[in-house]
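Residue numbers (full-length UniProt numbering): 1 to 181.
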């Protein structure tokens with residue numbers, strides 16, 4: 001087995017990244033129906049000289065007790081991968097039309113944009129927003145909306161909602177930037 005074979009196996013992302021994954025990696029894999037496999041999968045497959053079944057090596061297959069990751073975080077990638085496979089949905093956000101806060105060079109927004117795109121969301125411009133926007137994200141109480149007419153009916157969320165949605169942590173009360181003005 002070669003390292004490039006590891007990366008290509010069955011189209012699953014087996015790139016050699018740190019384990020356990022960072023939070024951005026967890027968000028990305030949840031939204032895009034990717035696998036997160038433990039490092040033991042690579043080691044044990046190499047030792048056996050063949051690719052082993054991935055199921056028992058998937059992160060979240062067994063919930064670890066001695067970790068700083070909550071059970072919801074540990075099980076989320078597996079749960080989303082199974083649900084997206086079962087439903088044939090292309091991604092966790094495939095029906096979302098999103099407006100994000102626009103800050104030039106903001107690395108956090110770039111990361112959030114990649115997660116949304118991996119989950120097949122449509123990212124819309126706040127200046128040219130359509131009338132069927134489903135989610136408007138706000139950052140530090142800053143509302144990104146330019147077209148108030150079309151977006152007055154949209155639902156507004158803090159950017160933290162993405163993680164909570166993927167990890168099924170809590171529900172949000174919907175708000176609007178315009179209700180307070």
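Every residue, glycine too, gets a C-beta built ideally from N, C-alpha and C. No experiment lies behind these values; they were computed from the predicted model shown.
If you pair each beta-carbon of the stretch 59-77 with each one of the stretch 91-107, do three or more pairs fall below 8 Å? Too few Cβ pairs lie closer than 8 Å, so no.
Anticipated Cβ contact below 8 Å, residue 138 with residue 154, distance rounded: A Cβ-Cβ distance of about 11 Å is found for the pair residue 138 and residue 154, leaving them out of contact under the 8 Å criterion.
To the nearest angstrom, report how far apart residue 115 and residue 109 are at their CA atoms. Looking at the backbone, the Cα of residue 115 and that of residue 109 are separated by about 10 Å.
List the whole-angstrom C-beta distance separating residue 93 from residue 121, where the pair is believed to meet the contact cut-off of C-beta under 8 Å. Correct: roughly 4 Å between the Cβ atoms.
Need the endpoints of the alpha helix (DSSP H) that residue 115 sits in, please. In the DSSP assignment, residue 115 falls within the alpha helix (DSSP H) that extends over 107-118.
Can you tell me whether residue 245 is buried or exposed, with buried defined as 16 or more other CB within 10 angstroms of its CB? In the structure as shown, the chain begins at 1 and stops at 181. Residue 245 is therefore absent and cannot be evaluated.
Given this structure, state the Cα-to-Cα distance separating residue 70 from residue 78, to the nearest angstrom. When rounded, the separation of the alpha-carbon atoms in residue 70 and residue 78 is 14 Å.
Could you pull out every residue in the same chain whose Cβ sits closer than 6 Å to the Cβ of residue 41, ignoring the five residues on either side in sequence? Around residue 41: 57.
Under the rule that 16 or more other beta-carbon atoms within 10 Å means buried, what is residue 135, buried or exposed? Per the 10 Å Cβ criterion, buried.
Quick one: Cα of residue 192 to Cα of residue 39, how far? The chain is shown only over 1 to 181; residue 192 falls outside these bounds and no answer can be derived.
Sequence-distant residues of the same chain with beta carbon closer than 7 Å to residue 32, five excluded per side: Contacts found: 91, 118, 119.
DSSP has residue 63 in a bridge; who is on the other side? None, per the DSSP bridge assignment.
In angstroms, rounded to a whole number, what distance separates the CA positions of residue 157 and residue 51? The alpha-carbon of residue 157 is positioned some 43 Å away from that of residue 51.
If you follow the alpha helix (DSSP H) that residue 90 is in, where does it begin and where does it stop? Run containing residue 90: none; DSSP gives neither H nor E here.
Determine the DSSP secondary structure at residue 58, reduced to helix, strand or coil. Strand at residue 58.
If I'm right that residue 159 touches residue 112 with Cβ under 8 Å, what's the distance once you round it to whole angstroms? About 6 Å separates the two Cβ atoms, so the contact holds.
Considering only their Cβ atoms, is the gap separating residue 37 from residue 54 smaller than 8 Å? Yes, Cβ-Cβ distance for residue 54 and residue 37 is below 8 Å.
Go ahead and label residue 43 buried or exposed: buried means 16 or more other beta carbons lie within 10 angstroms of its beta carbon, across all protein chains shown. Per the 10 Å Cβ criterion, exposed.
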